[in-house]
Amino acid sequence: MAQRISLTRWLVEKQRVQGHLSAELRLLVEIVARACKGISHAVNKGALGGVLGSAESENVQGEVQKKLDIIANEVLIEANEWGGHLAAMASEEMDGIYLVPNRYPQGEYLLLFDPLDGSSNIDVNVSIGTIFSVLKKPEGQAGVTEQDFLQPGTRQVAAGYCIYGPQTTLVLTTGHGVAVFTLDREQGSFVLTDENVRIPADTKEFAINMSNMRHWDEPVRRYIDECLAGKDGPRGKDFNMRWIASMVADVHRILTRGGVFMYPWDKREPNKPGKLRLMYEANPMAWVVEQAGGAATNGRERILDIQPQSLHERVSVVLGSKNEVERVTAYHAK
Ligand code: AHM
Ligand code: MG
Numbered sequence: 298m299a300q301r302i303s304l305t306r307w308l309v310e311k312q313r314v315q316g317h318l319s320a321e322l323r324l325l326v327e328i329v330a331r332a333c334k335g336i337s338h339a340v341n342k343g344a345l346g347g348v349l350g351s352a353e354s355e356n357v358q359g360e361v362q363k364k365l366d367i368i369a370n371e372v373l374i375e376a377n378e379w380g381g382h383l384a385a386m387a388s389e390e391m392d393g394i395y396l397v398p399n400r401y402p403q404g405e406y407l408l409l410f411d412p413l414d415g416s417s418n419i420d421v422n423v424s425i426g427t428i429f430s431v432l433k434k435p436e437g438q439a440g441v442t443e444q445d446f447l448q449p450g451t452r453q454v455a456a457g458y459c460i461y462g463p464q465t466t467l468v469l470t471t472g473h474g475v476a477v478f479t480l481d482r483e484q485g486s487f488v489l490t491d492e493n494v495r496i497p498a499d500t501k502e503f504a505i506n507m508s509n510m511r512h513w514d515e516p517v518r519r520y521i522d523e524c525l526a527g528k529d530g531p532r533g534k535d536f537n538m539r540w541i542a543s544m545v546a547d548v549h550r551i552l553t554r555g556g557v558f559m560y561p562w563d564k565r566e567p568n569k570p571g572k573l574r575l576m577y578e579a580n581p582m583a584w585v586v587e588q589a590g591g592a593a594t595n596g597r598e599r600i601l602d603i604q605p606q607s608l609h610e611r612v613s614v615v616l617g618s619k620n621e622v623e624r625v626t627a628y629h630a631k
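Going by our numbering, the first residue of the sequence shown is number 298, and it counts up by one from there.
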């Protein structure tokens with residue numbers, strides 16, 4: 298039987314043999330993975346653990362929080378605040394940044410997360426996940442401010458997600474390809490199940506919320522119309538559609554078998570660039586997808602090159618199989 302490689306061993310070897318990550322970053326990834334294990338247990342208990350349903354609160358974007366949004370946020374903070382590897386955290390579910398309390402040592406990294414992505418799927422027992430992104434605090438300064446988080450995605454030093462589906466799977470990049478670890482529940486550890494993941498450049502599958510079609514901009518409408526026209530249309534092939542409404546699950550499918558995912562700007566809220574959040578969703582996913590050979594743009598420019606203006610900034614997202622993303626982006630340029 299092939300040797301099983303745990304996440305711990307994989308990280309140690311990447312640090313020792315290839316120098317891909319520092320000891321602090323290794324600890325950080327381990328702690329994020331441990332927190333995800335905790336969230337996975339809470340998700341699995343569902344109604345038996347009393348974790349389903351809404352809480353009586355709203356987050357900074359005015360969305361009603363689910364109980365699991367809040368639980369996952371707390372698990373991530375409690376797991377990460379004491380290790381000495383972080384300076385501060387930011388979350389989709391918190392208004393401002395969370396400074397590591399003074400009673401703990403301060404590290405040099407900044408952690409950002411969407412603690413529970415796909416919230417609308419929690420109560421209906423469909424895959425959801427945690428998305429995370431790690432940046433380095435600017436050098437040579439004592440404290441941390443919100444401004445320090447506003448770095449483009451190209452500056453991420455680690456990113457990934459954990460999907461809570463039929464299996465609990467952690468997907469990670471530190472800028473040297475994408476590795477996949479599956480949670481072995483009996484052992485309680487993540488085990489390497491795939492390395493050097495590659496997204497095929499071409500695809501016959503798209504993911505978009507079609508109910509918003511009438512609100513889309515012309516280039517997106519053109520692209521989808523051409524897909525729907527199938528064999529007889531300009532694309533000369535039939536397309537299939539999937540929409541899980543959990544970005545983690547849609548991206549995970551694309552990593553597994555290709556496809557294109559879109560959450561474009563739409564006319565309902567003309568002043569908002571999109572629905573998804575640049576720092577907690579788009580940047581980490583864009584980096585994972587690029588590291589697997591795919592592409593990610595906002596329809597016009599590479600997501601990772603966008604200079605964030607604010608912590609909770611939103612963005613249009615087109616990501617996945619390279620040739621399709623390039624096509625959608627070219628339609629926007631016309
Ligand atoms: P969330 O972070 O509040 O769960 O929102 C993000 C989710 C994505 O996971 C998913 O792609 C999208 O929102 C689904 O939106 P819609 O409900 O419009 O289909
Ligand atoms: Mg989300």
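Each residue gets a CB set at the ideal place from its N, CA and C atoms; glycine is no exception. In this text, all values refer to a predicted model and were calculated from it rather than measured experimentally.
Taken in chain order, no unbroken stretch of alpha helix (DSSP H) lies wholly in the stretch 375-462 with a span of 4 residues or more.
Distance from residue 465 to residue 459 at the Cβ level is roughly 7 Å; contact confirmed, criterion being Cβ atoms closer than 8 Å. For the pair residue 454 and residue 502, the Cα-to-Cα distance works out to about 30 Å. In the three-state scheme derived from DSSP, where H, G and I count as helix and E and B as strand, residue 518 is classed as helix. Judged by DSSP secondary structure, residue 552 falls within the alpha helix (DSSP H) whose first and last residues are 544-554. The bridge partners DSSP lists for residue 572 come to none. For the pair residue 539 and residue 529, the Cα-to-Cα distance works out to about 21 Å. DSSP places residue 593 in no alpha helix (DSSP H) but in the uninterrupted beta strand (DSSP E) bounded by 592-594.
When rounded, the separation of the alpha-carbon atoms in residue 331 and residue 310 is 19 Å. Annotation for residue 619: the continuous alpha helix (DSSP H) segment containing it runs 619-630. With contacts defined as CB atoms closer than 9 Å, residue 304 and residue 321 fail to qualify as a contacting pair. It is roughly 11 Å from the alpha-carbon of residue 431 to the alpha-carbon of residue 584. When the Cα atoms are used, residue 626 and residue 448 turn out to be separated by approximately 23 Å. Looking at the backbone, the Cα of residue 514 and that of residue 534 are separated by about 24 Å. Rounded to the nearest whole angstrom, the C-alpha separation of residue 517 and residue 395 is 37 Å. For the ligand AHM, the residues with a Cβ under 5 Å from any of its heavy atoms are, in chain order, 414, 415, 416, 506, 542, 543 and 544.
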